[in-house]
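Chains as they are written, first to last, in the numbering used here: chain A, 1 to 447; chain B, 1001 to 1144.
Given below as structure tokens:
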């Protein structure tokens, strides 16, 4: 840690981990319900569990991204954050908005729009919160001694993420238009600007962990985020195939979303090559595991599995089935969850001064969570393909098919238990690092 | 070999061009001649139905036009498949609806609210979904 104000990142990461744990619990509620065990139905019906599960994901990832920015920007800009107090105010308000929304979902207080269930009054608070966050980050960057590409890409990602939240707040009477502009938020976040954030964090980690020249890493960062937008923006069209808009999206969405894996492939090759090229071997092996893991698993989850059902002729049958859940789980895990876990693994020893770089527990956390998530993905995939075949091809009734695939949810629960064990080990590691403190300050790096 | 400046130009140029095309296609899709979203037939009942759909987060279990969760049946063409009477019975049921063991929350909608939701489903059924309706509804396939 080079600057005292970087410590604020720790508390964003702590909030992130708390919400991540809760997200897994709600995931189990849904998994059991799919397997036929819905004992909690009267207290937490499926739609509540689902809204909580997906929204917790968004909030814990955002909290992780914000923590990453509070850690990275001072080091890149070579100065303290402009206001630590305001950063804590922002943290508390983020936690309050998140908790109120999650509690509200248990009392029918929501908007009922997939991924954007947060009710309108809370939307305005989200906007204020994000403006405060951006104010702190951008002012720090502006007043800093240097403006690096890594910091610019990361900040651009965060700024566009905030701007793109706004189309989701537009009111429409038409379900078609509502859906159309909801994807401006959800798709352009996940397959657009969030990849800028991921790229920025990845670039920072590779500079620190491999010792490869910043100029080389940042040049490739531009190429990767360029590929991301080139394919991802028009790739939004794959959400427009069958929701009541023009057929032109079948062509545009088909072509550009087929190109989307290229950005993820480039990111995976980039990370592995930089690691090979690097002469400096940073002792923080766990951070390296998570960093390279994020680049590789995101290619499989977001790139390959996305491609598997992105062409219109395939998507006609897979649209609105469990196949989407298969892709969604490994994509979010690889691209965003793992990159947040990577920056936490890197920064935690630096903030606390406890250099727990290598441990069996840390390695087990990595492997168990990854193997568990891959198992979950396979279970979702098998259930999804069976659903597509029986329901869409054989025209069997929805619930008859659901009975047929219940067994795959038992497999899912077993794999999810392995996944959760890995994550608990990660939490223990997080806890064992202790709290951040000023004694961990090492203001002497020229990277 | 590519320089950093060229890489930046690729990123900025590519982003601006694709965003402009994207906005252009969005405008094109909703022009009167190209619009296939059944926009002209939205009535007050349809709007009230959509509000009920959202207030109760129906999308948290069901899918409609293929969007939502995957816990309960797709509702595009549901009136065709089940008939209005069945749908009305589900919506107004005072107890959890659980025909195959999987429970739906007992919303106990009034007859007027059921009318609005049925109007909403009816309106959805007349949207041109580029063929998706034929996949989710055997009846629709026979009709076409």
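Cβ coordinates follow ideal geometry from the N, Cα and C atoms, glycine included.
Q. When the Cβ atoms of the region 74-89 of chain A are set against those of the region 130-150 of chain A, are three or more pairs found closer than 8 Å?
A. The region 74-89 of chain A and the region 130-150 of chain A touch, with no fewer than 3 CB-CB distances between them shorter than 8 Å.
Q: Indicate whether at least one CB of chain A lies closer than 7 Å to the CB of residue 1041/B.
A: Judged by the 7 Å Cβ criterion, residue 1041/B is not in contact with chain A.
Q. Where does the unbroken alpha helix (DSSP H) through residue 297/A begin, and where does it stop?
A. Taken as a continuous stretch (DSSP letters only), the alpha helix (DSSP H) holding residue 297/A covers 285-298.
Q) By the 10 Å Cβ neighbour count, where 16 or more other Cβ atoms means buried, how is residue 409/A classified, buried or exposed? A) Its Cβ being crowded by 16 or more others within 10 Å, residue 409/A is buried.
**Q.** Which listed residue (388/A, 155/A, 181/A) has its alpha carbon closest to that of residue 309/A
**A.** A check of alpha carbon separations from residue 309/A across 388/A, 155/A, 181/A identifies 388/A as the nearest.
Q.
For residue 492/A, list the residues DSSP reports as bridge partners.
A. Nothing can be reported for residue 492/A, as the shown portion of chain A is limited to 1 through 447.
Q.
Quick check on the DSSP output: the alpha helix (DSSP H) that includes residue 1050/B runs from which residue to which?
A. Counting along the chain, the alpha helix (DSSP H) containing residue 1050/B begins and ends at 1044-1055.
Q) To the nearest angstrom, how far is it from the Cα of residue 1027/B to the Cα of residue 1108/B? A) Residue 1027/B and residue 1108/B: Cα-Cα distance of roughly 41 Å.
Q.
Can you confirm whether residue 229/A, when its beta carbon is compared against all beta carbons of chain B, has any partner nearer than 7 Å?
A. It does: the Cβ of residue 229/A has a partner Cβ on chain B nearer than 7 Å.
Q.
Check for me: the alpha helix (DSSP H) holding residue 415/A runs from which residue to which?
A. Looking at the DSSP string, the run of the alpha helix (DSSP H) that includes residue 415/A is 398-432.
Q: Leaving aside the five residues before and after residue 22/A along the sequence, list all residues of the same chain whose C-beta is less than 6 Å from its C-beta, in chain order.
A: The beta carbon of residue 22/A sits closer than 6 Å to the beta carbons of 56 from its chain, once the five residues preceding and following it are set aside; these are given in chain order.
Q: May I ask you to report which of helix, strand or coil DSSP gives residue 1064/B?
A: Reduced to three states, the DSSP call for residue 1064/B is strand.
Q: Could you give the DSSP three-state label for residue 1097/B: helix, strand or coil?
A: Residue state, collapsed to three classes: strand.
Q. Name the chain A residues that come within less than 8 Å of residue 1066/B, Cβ to Cβ?
A. One finds 242, 243, 319, 320 in chain A with Cβ atoms closer than 8 Å to the Cβ of residue 1066/B, taken in chain order.
Q | Beta carbon proximity, residue 222/A to chain B, threshold 7 Å | A | Taking Cβ atoms only, chain B reaches closer than 7 Å to residue 222/A, which makes this a yes.
Q. Interface residues of chain A around residue 1008/B at Cβ under 7 Å?
A. In chain order: 222.
Q. What are the residues that DSSP puts in a beta bridge with residue 1074/B?
A. The partner list for residue 1074/B (beta bridge, DSSP) reads 1063/B.
(Q) Can you check whether the C-beta of residue 1071/B is within less than 7 Å of a C-beta belonging to chain A? (A) Yes, residue 1071/B lies at the interface with chain A (some Cβ there is under 7 Å from its Cβ).
Q. Assuming residue 1065/B and residue 1132/B make a contact with CB atoms under 8 Å, what is their CB distance in whole Å?
A. Contact holds; Cβ gap of about 7 Å.
Q: Answer with yes or no whether the minimum CB distance from residue 1127/B to chain A is below 7 Å.
A: Closer than 7 Å: yes.
Q: Below 6 Å CB to CB, which residues in the same chain sit around residue 252/A once its five sequence neighbours on both sides are set aside?
A: Its chain contains 234, 237 as the residues whose beta carbon lies nearer than 6 Å to that of residue 252/A, once the 5 sequence neighbours on both sides are disregarded; these appear in chain order.
**Q.** The alpha helix (DSSP H) enclosing residue 153/A, as first and last residue numbers
**A.** In the DSSP annotation of this structure, the continuous segment of the alpha helix (DSSP H) that includes residue 153/A starts and ends at 149-163.
Q: Spell out whether any CB of chain A is found under 7 Å from the CB atom of residue 1059/B.
A: The beta-carbon of residue 1059/B is placed less than 7 Å from the nearest beta-carbon of chain A.
Q | Among 1117/B, 1084/B, 1101/B, 1128/B, the one whose alpha carbon lies nearest that of residue 1052/B | A | Nearest C-alpha to residue 1052/B: 1117/B.
Q. In chain order, which continuous runs of the alpha helix (DSSP H) of length 4 or greater are located wholly inside the region 184-224 of chain A?
A. For the region 184-224 of chain A, whole alpha helix (DSSP H) runs of length 4 or above, ordered along the chain, are 194-210.
Q: Could you tell me the distance, in whole angstroms, from the CA atom of residue 307/A to the CA atom of residue 315/A?
A: Going by the C-alpha atoms only, they are around 10 Å apart.
Q. Where do the ends of the alpha helix (DSSP H) carrying residue 260/A lie?
A. Run containing residue 260/A: 248-277, per the alpha helix (DSSP H) assignment.
**Q.** 7 Å Cβ cutoff, residue 41/A in contact with chain C
**A.** The structure shown contains no chain C; the protein chains it does contain are A and B.
Q: Could you work out which residues of chain A lie near residue 1037/B, taking near to mean beta carbons separated by less than 9 Å?
A: By Cβ distance, chain A contributes 174, 175, 176, 177, 180, 243, 244, 245.
Q. Residue 256/A: buried (16+ other C-beta within 10 angstroms of its C-beta) or exposed?
A. The residue is buried, with at least 16 neighbouring Cβ atoms inside 10 Å.
Q. Since residue 1099/B contacts residue 394/A with CB under 8 Å, what's their CB separation in whole angstroms?
A. The pair is not a contact, with the Cβ atoms about 20 Å apart (cut-off 8 Å).
Q: Say whether the region 363-375 of chain A touches the region 328-336 of chain A, bearing in mind that this needs 3 or more beta-carbon pairs closer than 8 Å, one atom from each stretch.
A: Between the region 363-375 of chain A and the region 328-336 of chain A, the count of Cβ pairs shorter than 8 Å is three or higher; the stretches touch.
Q: Find the residues of chain A that neighbour residue 1124/B, judging by a C-beta separation of less than 7 Å, and give them in chain order.
A: Contacts between residue 1124/B and chain A, judged by CB atoms closer than 7 Å, involve 175 in chain order.
Q) What separation, rounded to the nearest whole angstrom, lies between the Cα atoms of residue 81/A and residue 10/A? A) Their Cα atoms are separated by approximately 14 Å.
Q) CB residue 271/A to CB residue 292/A, shorter than 7 Å? A) Less than 7 Å separates the beta-carbon of residue 271/A from that of residue 292/A.
Q: Take residue 214/A and list the residues in its own chain whose beta-carbon comes closer than 6 Å to its own, dropping the five residues that flank it on each side.
A: Excluding positions up to five away in sequence, the list reads 207.
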